[in-house]
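S.K.: Shown below is the structure under consideration.
Okay, structure coming up:
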């Protein structure tokens, strides 16, 4: 076995023992998949030539492994390999070589195919005390499959053996031995009392708590137990077999302190918004996403291809990514091949999406009466007669008095989705591959909205020499998104949804003559009828190649180069419409937008690991350079003679537009890391990254980002040894500093420029103009986040894992536009003048157990975060729209008027504090009573207070899983507490004529006959005092607290005896449901995850899918 | 050995990424370090000063701050100025900007460093000074005292300066204008049409004198303005094919696609517009009868039918306003009848007064398919009719009732198709003043002058207080008038639009926006009453 990864880069504590254990693991895997190897004995034919002098015996074994397909398996407890030897042989078979090597030593070997098992030579019978006996038996796993290579030993002694390929063992034990210990990596160890048994068969259970789990960290991997920073990793079980249109949304509810909000179900636009440990900045707060070591995105990934996801949450673990890591880092690795027979796997699913919730609006008859009533209150004549209303009700005049259900017409898409993934993986000892092809198609719940995605990926690993490993990962994704368009203002679906939510039900979809009926903005379904008009072709490529050189034992140098490109080709057509005789929207136009981005990176990383006594060191040093290039080109023409044309040339050259620009961003970084531990007991890690970015001026472009963290594994201490129930107890502490340069939209924030394009026509022909329009600040630097945290990990009873973390994260030098006096005249004088703090607690637990045939697991996480603004460019507060940024409060809190019920009478209006925001004549019984907070008996803008925040304080998630025989079940929940949402305009609706309709909430509106209601009076004025749009009021602010079943899975593994006849090794069929139910008090009809506002976004969807996974 | 060589290669690659790798600059913008060398640089910078120095929308929306018009959409910034609910925190449309002034200052400061012929530099500089003076005029009439910035600041901190007195700023503007009147050419080559001429600077100076009651000076400057004359027809002044007429002294230049004006806010709902800026009943009523009688006078004589009010009126009414019964784009505009696309309750975008403006949109009547959102029509800032009416007004105020006064008035009225002033009826300062003021109102409706007129005449508190009405409701009849319009029968109540409030002198000035004061507390105190 030539190239078992002895330890990942950065695995600091790789003891020889681990190394051997890993060999055994791989042995197991290989035996599992490639039992069919070598019909003729490999050992007989394979000839070895070795010439080594005065080397460790291990070196000889390595050399044999290098030259052949042989593997050595042994337990160092029983086999003493710590001796020097010399071997010289030429074209000899393995038996001759081993006989020579072990001559005169206490070592025997057994060759089984290409596995060589070493054990202690059995003592001669003369030495065996009379009381000795021999125990035989078989070690199997939970499924009854044999475990080869499992260790069987007498407890408290060095006597032992390992099981053979069939899992059988035979061990001579002293008569006074009373307990046998069975162990195997990845399995829970078991102790069995010997008594007077001579045969002991055991079955080992899978290790439920994953103490040996390895997680991906920045530039390497690390054993979970040795982590000192705060890294959350997703249990791959929770990500598998879930039809996921976007990987980001699949993270919902799985990670403490990582909040994923999925506010839309739009095909291609359904990615979740991810915030790690709260909102850390006033600017871009999205975490950095790294795929296979390279900055990338989640949009293009197929969940089937993902091997692991970990999130670096604190500065200690993320500092190695320096100036881009302030908002956390999400590390994703893709699956790689494993040596052995080719394995073909297919997974596919199909399902249907449906809105989680939709707003309800009143029908024509109810609306008409409500409208009449509102007009009368204002002293205006009613618009509809009783006869009109009766016709609306009875539907006898479908064109003159219709009751159109616009939402029904809008959400007429099938919502069908399907995905298919085929992968082939395998390889030899020196080369492994995995290739996959992925296809995904989604039809929206609005017709002509959809997504189609193709993805191909190949990961290749080669070990051409003992000292060289090469890796190539290539991924190409092509995604086509389609959307309808609207002839009103263009821009796609948003306006179609908006108008469907506001057009009155008494407007017919079509007139009797077949033409479209319209309001002044048009007719949303008429737009839909024009078909697909916006096509976005997105092409993602990611190529990563690396060479890893093993310079000498423990020292490697890895060079990595990557290219990532994103090309977007968006063609937006907008077809003209003659709705009817008098209403036209046009002309036909086409906009072509091309975006091309490229990121080229180069990395060189050196690693050195060394263990002396119990002291383990790992050193890492690296260099990174990247060049990012963005190019945008836009062209536009209109007046196409036909709506059928798709190319620009079909339009008129009059009025055509061509524009474009490029942006560049380059970076150079140096970084290093030191890990030290003593006996895995005391852990220490330090990181330093030194970054330079072209974004900043020469004097300010370099920044250093250090971090330190330490851990103490109490459970490894002697004084804890007696506490059997505690498998692991670790205390952690960390401190570190990170940067955020993505805070700026500008790529050149310090380069003074005269902007072009400030044109003006003279004599009707345009003349170019230029001026300085934006201020540049040479002193600008990146934002810094300094955080410290403490945490503890605890594993109990082999079944329970707990992790708790407290963090304190302070962002300083937040880049803000400094409030510049108008007399300064330039926009965007940005400076590092903001400060913010996030403090929080995170808690995770995981419980895994097995009761007979029933496997059970329950996991949960909970996070509380408190956000506080500390500095705001010298101001106390900045109000913008409905929200405020105020020092001492959470960022972007809703800011408005407290309300206290409704006025019941005119005299009450006079007695209540005077609402100066409205004329007295505008206030009527049934209006909201604004609270006079300041106590001056007047309601003015000073009476606004902070009402709540859209970001929840508490985010929690939990998952429950169980399996019984061939059935399995998994449910994942996510919930939040303490957040608020504010819907307005068309989401709430109004009684204001043809271009509006009241939502169902208004059915309970106040009237003198219905005074006992909380809903204000309906008013024929969008901006009335009780309407949500003009003023932000407590009444319309609603809690978004929710608990949601994010995913439910029920699967069935088809029994092997059925499959074997079909040549299938494994097959599972399942049902998977996403967003199946939600418990919430939020405004009826609206999803608590959807953004606040007028509600014209694509609804959040639930998905019911059925799928199958087959391995051949 | 091989592996060491490869590592050397890595090392080399690493080292070759030097610092210059990090020195990047945009490729779509110029560097100030290499600018200010050639005349073409100067042309670029000057064009940058013109770009956005005035906007057709500002001029037309400004009418909503007067008794001429109503703005239905608060977010557009004029509703609260119209009804007096504006406050510093919610000031409505704001003029408080130094962006253009900054650009002019920049040009003026750099001209002296340039190695070009003085006579060339002078004209560029004078135009920048004109634009700067125009911007200060806008600031002063809206805000009174404002900071006077003639040299740009290096940092936001330095720019926190207090307000200068209105007198100081006015003196600065007048001095500047007097200087550049000597430099600016009377006209440019036709390729440069749209640039500030001597006449533009004179008209601005004239207007400022008039606005601040310096009638003698206003008269003198007005009389000195030469080279302009009235266009032969009234509506022809606003026609896209006649933009360079002799009456236009300065206009905001437009050209389709590149620098166009969007007429959507003005068009009726039925034409795809928003009816953001709509005429009031009060404006409609101010148009005389074609005979030269006011409607009140005519009604007494039975020559005006309040139920069919648009018959035989000043032709400028039809040229300026779309009213019920009028044929607009081939259809009868029927805002008074329920069910019509323009009925005031049909949609948000239907005019809430039952009227729409027509003046600049006139050409769209015959060409309803023209892209009205992408118009190249210029919007007038100064035109010669203003010079004539300034002569008339200054003379009235100076008590000089003479032929020149009547001639100026007559020229404007006759061109519009109205009879000359009845000199026997209009022979006192009192009634001439009323006539001249009304003449300005009807002549310049939709051109942005009315607000400043009613404020300086101190009649805003009368005309901007109380209920605002639109048309009376009723029906459009089948009978046609000679001009193609249809008769109407308006028997219903007038549309009540809103109640307005105007406090003098508070509302003479706009409040400096609270946001500006927050950024620069030196601007305190705000204008009285805010």
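Protein chains in written order, with the numbering used here: chain A, 99 to 1210; chain B, 108 to 637.
For glycine and all other residues, C-beta sits at the position ideal for the given N, C-alpha and C.
So, with DSSP's three-state summary, where would you put residue 561 of chain B?
M.R.: Counting from 1 along the second chain, the entry for residue 561 of chain B is found at position 454. In the structure shown, residue 561 of chain B sits in a helix (DSSP, three-state: H, G or I).
S.K.: When DSSP labels each residue in this structure, what does residue 144 of chain B get in the three-state scheme?
M.R.: Counting from 1 along the second chain, the entry for residue 144 of chain B is found at position 37. In the structure shown, residue 144 of chain B sits in coil (DSSP, three-state: anything other than H, G, I, E or B).
S.K.: In chain order, what residues of the same chain lie with their CB nearer than 8 angstroms to the CB of residue 562 of chain A, ignoring the 5 residues before and after it?
M.R.: Locating residue 562 of chain A in the first chain gives position 464, counting from the first residue. Excluding residues within five positions, the ones whose Cβ falls inside 8 angstroms are 528, 568.
S.K.: Suppose contacts are defined by Cβ-Cβ distances below 8 angstroms. Is residue 596 of chain B in contact with residue 580 of chain B by that definition?
M.R.: On the second chain, residue 596 of chain B is found 489 positions in, with the first residue counted as 1. On the second chain, residue 580 of chain B is found 473 positions in, with the first residue counted as 1. No, the Cβ-Cβ distance between residue 596 of chain B and residue 580 of chain B is not below 8 angstroms.
S.K.: Can you list the residues of chain B that residue 1211 of chain A reaches, using a CB-CB cut of under 8 angstroms?
M.R.: The requested residue 1211 of chain A is not part of the displayed model; chain A covers only 99 to 1210.
S.K.: Which residues mark the beginning and the end of the alpha helix (DSSP H) in which residue 638 of chain B is found?
M.R.: What the structure shows of chain B is the stretch from 108 to 637, and residue 638 of chain B is not part of that stretch, so it cannot be assessed.
S.K.: As an exercise, report each continuous beta strand (DSSP E) stretch of at least 3 residues that is fully enclosed by the segment 1075–1147 of chain A, in chain order.
M.R.: Segments of the beta strand (DSSP E) lying fully in the segment 1075–1147 of chain A: 1078–1080, 1135–1137.
S.K.: May I ask which residues mark the beginning and end of the alpha helix (DSSP H) holding residue 1154 of chain A?
M.R.: Against the first chain, residue 1154 of chain A aligns to sequence position 1056. Start and end: 1154–1158.
S.K.: So with Cβ pairs under 8 angstroms, would you call residue 193 of chain B a contact of chain A?
M.R.: Translated into positions along the second chain, residue 193 of chain B becomes position 86. Chain A, which has no Cβ nearer than 8 angstroms to the Cβ of residue 193 of chain B, makes this no.
S.K.: Report the rounded CA-to-CA distance for residue 156 of chain A versus residue 166 of chain A, giving the unit in angstroms.
M.R.: Locating residue 156 of chain A in the first chain gives position 58, counting from the first residue. Locating residue 166 of chain A in the first chain gives position 68, counting from the first residue. Near 15 angstroms, if we compare the C-alpha coordinates of residue 166 of chain A and residue 156 of chain A.
S.K.: Evaluate residue 590 of chain B with the Cβ neighbour count: other Cβ atoms within 10 Å of its Cβ, from every protein chain shown; 16 or more gives buried, anything less gives exposed.
M.R.: Translated into the one-based positions of the second chain, residue 590 of chain B becomes position 483. Under this definition residue 590 of chain B is an exposed residue.
S.K.: Based on the DSSP output, what are the partners of residue 205 of chain A in its beta bridges?
M.R.: Taking the first residue of the first chain as position 1, residue 205 of chain A is located at position 107. The partner list for residue 205 of chain A (beta bridge, DSSP) reads A:218.
S.K.: Hey, is residue 166 of chain B close to the ligand NAP, as in C-beta under 7 angstroms from one of its heavy atoms?
M.R.: Among the components modelled here there is no ligand, and therefore nothing to report on the ligand NAP.
S.K.: Going by alpha carbons, who is nearest to residue 729 of chain A out of A:1094, A:412, A:1209, A:694?
M.R.: The residue given as residue 729 of chain A occupies position 631 in the first chain. The residue with the shortest Cα to Cα distance from residue 729 of chain A is A:694.
S.K.: Looking only at its chain, what residues have a beta carbon closer than 7 angstroms to the beta carbon of residue 502 of chain A, apart from the 5 residues adjacent to it on each side?
M.R.: Taking the first chain and counting its residues from 1, one reaches residue 502 of chain A at position 404. The answer, listed in chain order, is 603, 605, 606, 607.
S.K.: Does the beta-carbon distance from residue 487 of chain B to residue 358 of chain B come in below 8 angstroms?
M.R.: Indexing the second chain from 1 puts residue 487 of chain B at position 380. Indexing the second chain from 1 puts residue 358 of chain B at position 251. Yes, Cβ-Cβ distance for residue 487 of chain B and residue 358 of chain B is below 8 angstroms.
S.K.: I'd like to check one pair, residue 923 of chain A with residue 205 of chain B: are the Cβ atoms closer than 8 angstroms?
M.R.: One-based indexing of the second chain puts residue 205 of chain B at position 98. One-based indexing of the first chain puts residue 923 of chain A at position 825. It is a contact, given that the beta carbons lie within the stated cut-off.
S.K.: Quick one: is residue 196 of chain B near chain A, going by C-beta distance under 8 angstroms?
M.R.: Within the second chain, residue 196 of chain B is the residue found at index 89, counting from 1. For residue 196 of chain B, the answer is yes, since a Cβ of chain A falls inside 8 angstroms of its Cβ.
S.K.: If we define contact as Cβ-Cβ less than 8 angstroms, is residue 481 of chain A a contact residue for chain B?
M.R.: Along the first chain, one-based indexing puts residue 481 of chain A at 383. So, interface residue.
S.K.: Give the residues of chain B in contact with residue 870 of chain A, contact being defined as C-beta atoms less than 8 angstroms apart.
M.R.: What you label residue 870 of chain A is simply residue 772 of the first chain in a count that begins at 1. Per Cβ cutoff of 8 angstroms: 139, 209, 210, 213.
S.K.: Does the Cβ of residue 141 of chain B have 16 or more other Cβ atoms within 10 Å, making it buried, or fewer, making it exposed?
M.R.: Within the second chain, residue 141 of chain B is the residue found at index 34, counting from 1. So residue 141 of chain B counts as exposed.
S.K.: Does the CB of residue 134 of chain A have a neighbour CB from chain B at under 8 angstroms?
M.R.: Reading the first chain from its first residue, position 36 is the one you call residue 134 of chain A. Note on residue 134 of chain A: pLDDT 34, under 50, position unreliable in the model; the coordinate value appears next. No, its Cβ sits nowhere closer than 8 angstroms to a Cβ of chain B.
S.K.: Under 7 angstroms Cβ-Cβ, which residues of chain B neighbour residue 790 of chain A?
M.R.: The residue you call residue 790 of chain A lines up with position 692 of the first chain. Going along chain B in sequence order, the residues near residue 790 of chain A (Cβ under 7 angstroms) are 129.
S.K.: Please list, in chain order, the chain B residues whose beta carbon lies closer than 8 angstroms to that of residue 799 of chain A.
M.R.: Reading the first chain from its first residue, position 701 is the one you call residue 799 of chain A. Result: 129.
S.K.: Using the rule of at least 16 other Cβ atoms within 10 Å of the residue's Cβ for burial, across every protein chain shown, is residue 614 of chain A buried or exposed?
M.R.: The count along the first chain starts at 1 and reaches residue 614 of chain A at position 516. Residue 614 of chain A is buried by the Cβ-count criterion.
S.K.: Starting from the beta carbon of residue 300 of chain B, find every residue of chain A whose beta carbon is closer than 9 angstroms, and list them in chain order.
M.R.: Locating residue 300 of chain B in the second chain gives position 193, counting from the first residue. What residue 300 of chain B touches in chain A: 860, 861, 862.
S.K.: Tell me which same chain residues have a C-beta within less than 6 angstroms of the C-beta of residue 360 of chain B, skipping the five on either side of it?
M.R.: Translated into the one-based positions of the second chain, residue 360 of chain B becomes position 253. Counting only Cβ-Cβ distances below 6 angstroms, and skipping sequence neighbours, we find 301, 485.
S.K.: So if I threshold CB-CB distances at 8 angstroms, which residues from the segment 1015–1042 of chain A count as touching chain B?
M.R.: Residues 1017, 1019, 1039.
S.K.: Please name the residue in B:275, B:277, B:225 whose C-alpha comes closest to that of residue 290 of chain B.
M.R.: Residue numbering aside, residue 290 of chain B sits at position 183 when the second chain is read from its first letter. The shortest Cα separation from residue 290 of chain B among B:275, B:277, B:225 belongs to B:225.
S.K.: Evaluate the contact criterion for the segment 155–162 of chain B versus the segment 779–795 of chain A: three or more CB pairs, one atom per stretch, below 8 angstroms.
M.R.: No, because fewer than three Cβ pairs between the segment 155–162 of chain B and the segment 779–795 of chain A fall closer than 8 angstroms, the two stretches do not touch.
S.K.: Tell me the DSSP secondary structure of residue 294 of chain A in three-state form.
M.R.: Residue mapping note: residue 294 of chain A aligns to position 196 of the first chain, counting from 1. Note: residue 294 of chain A maps to coil in three-state DSSP.
S.K.: Is the separation between the beta-carbon of residue 994 of chain A and that of residue 1027 of chain A shorter than 8 angstroms?
M.R.: Within the first chain, the letter at position 896 stands for residue 994 of chain A. Within the first chain, the letter at position 929 stands for residue 1027 of chain A. Against a cut-off of 8 angstroms, the Cβ pair of residue 1027 of chain A and residue 994 of chain A comes out as no contact.
S.K.: Given a threshold of 16 other Cβ atoms within 10 Å of its Cβ, counted over all protein chains shown, does residue 803 of chain A qualify as buried or as exposed?
M.R.: Your numbering for residue 803 of chain A matches position 705 in the first chain. Classification for residue 803 of chain A: buried.
S.K.: For residue 919 of chain A, decide whether its Cβ has a neighbour in chain B, counting only Cβ atoms nearer than 8 angstroms.
M.R.: Here residue 919 of chain A refers to the residue found at position 821 when the first chain is read from its first residue. True, the Cβ-Cβ gap to chain B drops below 8 angstroms.
S.K.: Which of the three DSSP states is assigned to residue 571 of chain B in this structure?
M.R.: Reading the second chain from its first residue, position 464 is the one you call residue 571 of chain B. Reduced to three states, the DSSP call for residue 571 of chain B is coil.
S.K.: Which whole runs of the alpha helix (DSSP H) in the segment 456–539 of chain B are 4 residues long or more, in chain order?
M.R.: Correct list: 469–473, 491–505, 510–523.
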